[in-house]
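Q: Numbering (my numbering), first residue to last: 1 to 186.
Built from N, CA and C at the ideal position, the CB exists for glycine as well.
Before anything else, here's the structure in question.
Here it is in structure tokens:
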């Protein structure tokens, strides 16, 4: 039994260590890859659970990528799973940041480096849009959730609502809607 637990922790560590190096652009970029690895390949959790974990990761202070790893790791392997996934997520990122910092110092005025960054930005936007699309497909399940999403977009774009307030409003609206639906059934 103990061997199975150690094997699971090593799998968690390795899975997030593989995901980490390709999260250029932030935690949202890793969402499709994390879903592919954790939901589709490993079948550790369901699609809805990954969306919930990422939503929680966004609500918590800190990096979305590290928080997501911690939440998913905890869901799969408890506290030790959260630690294994978090360390797996952080190690490659730590070394990549150090290497990129050193490289940036040597190429910061290089025309090709500037053009490379200009090329990376649209690719990152595409990854974020894809992450939003896949998250939306599993999060928007009826007219109510579609309405909440549309209102949230309006509040963000036109009223510049702070994300913490938006998440709090989402939590409260979800609870309120559940209570309304339950009271209508009775």
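Starting from residue 108, trace the alpha helix (DSSP H) both ways and give me its first and last residue.
A: Translated into the one-based positions of the chain shown, residue 108 becomes position 108. Neither: residue 108 is in no alpha helix (DSSP H) and is coded neither H nor E.
Q: Let me check understanding here. Comparing Cα to Cα, which of 5, 180 and 183 lies closest to residue 80?
A: Working through the chain shown from its first residue, we reach residue 80 at position 80. Measuring from the Cα of residue 80, the nearest candidate turns out to be 5.
Q: With a Cβ-Cβ cutoff of 7 Å, do residue 66 and residue 89 count as a contact?
A: Here residue 66 corresponds to residue number 66 of the chain shown, with the count starting at 1. Here residue 89 corresponds to residue number 89 of the chain shown, with the count starting at 1. A contact, by the Cβ cut-off of 7 Å.
Q: Name the residue from 34, 59, 113 and 159 whose alpha carbon lies nearest to the alpha carbon of residue 85.
A: Mapped onto the chain shown, residue 85 falls at position 85. If we check each option's Cα against that of residue 85, 34 comes out closest.
Q: Any idea if residue 70 is buried or exposed, counting beta-carbon neighbours within 10 angstroms, 16 or more meaning buried?
A: Counting from 1 along the chain shown, the entry for residue 70 is found at position 70. Buried, by the Cβ-count rule.
Q: Excluding five sequence neighbours on each side, which residues of the same chain lie with their C-beta closer than 6 Å to the C-beta of residue 123?
A: Counting from 1 along the chain shown, the entry for residue 123 is found at position 123. Here residue 123 has no same chain residue with a Cβ atom under 6 Å from its own Cβ, once five neighbours each way along the sequence are excluded.
Q: Can you say whether residue 44 is buried or exposed, counting buried as having 16 or more other CB atoms within 10 angstroms of its CB?
A: For the purposes of this step, residue 44 is identified with residue 44 of the chain shown, where counting begins at 1. The residue in question, residue 44, is buried, as its Cβ has 16 or more Cβ neighbours within 10 Å.
Q: Thinking C-alpha only, which one of 18, 185 and 7 is nearest residue 92?
A: For the purposes of this step, residue 92 is taken as the residue at position 92 of the chain shown. Among 18, 185 and 7, the Cα nearest to that of residue 92 is on 18.
Q: Grab me the residues of residue 107's own chain with a C-beta within less than 6 Å of its C-beta, minus the 5 sequence neighbours each way, in chain order.
A: Locating residue 107 in the chain shown gives position 107, counting from the first residue. Sequence-distant Cβ neighbours of residue 107 in its own chain, meaning closer than 6 Å and more than five residues away, are 113.
Q: With 16 other CB atoms within 10 Å as the buried threshold, where does residue 1 fall?
A: On the chain shown, position 1 is the one that residue 1 refers to. Residue 1 is exposed by the Cβ-count criterion.
Q: With distances taken Cα to Cα, identify the nearest neighbour of residue 46 among 22, 57 and 72.
A: Working through the chain shown from its first residue, we reach residue 46 at position 46. Checking every option, the nearest Cα to that of residue 46 belongs to 72.
Q: Looking at the unbroken alpha helix (DSSP H) that takes in residue 14, where does it start and where does it end?
A: Locating residue 14 in the chain shown gives position 14, where the first residue counts as 1. Start and end: 2 to 19.
Q: Nearest-angstrom Cα distance between residue 99 and residue 22?
A: Working through the chain shown from its first residue, we reach residue 99 at position 99. Working through the chain shown from its first residue, we reach residue 22 at position 22. Spanning the two alpha carbons is a distance of roughly 15 Å.
Q: Taking DSSP as the reference, what is the three-state secondary structure of residue 61?
A: Taking the chain shown and counting its residues from 1, the one referred to as residue 61 is at position 61. In the structure shown, residue 61 sits in coil (DSSP, three-state: anything other than H, G, I, E or B).
Q: Please report the straight-line C-alpha distance between residue 190 and residue 109, rounded to a whole angstrom.
A: Only positions 1 to 186 of the chain appear in the structure, and residue 190 is not among them; the question remains open.
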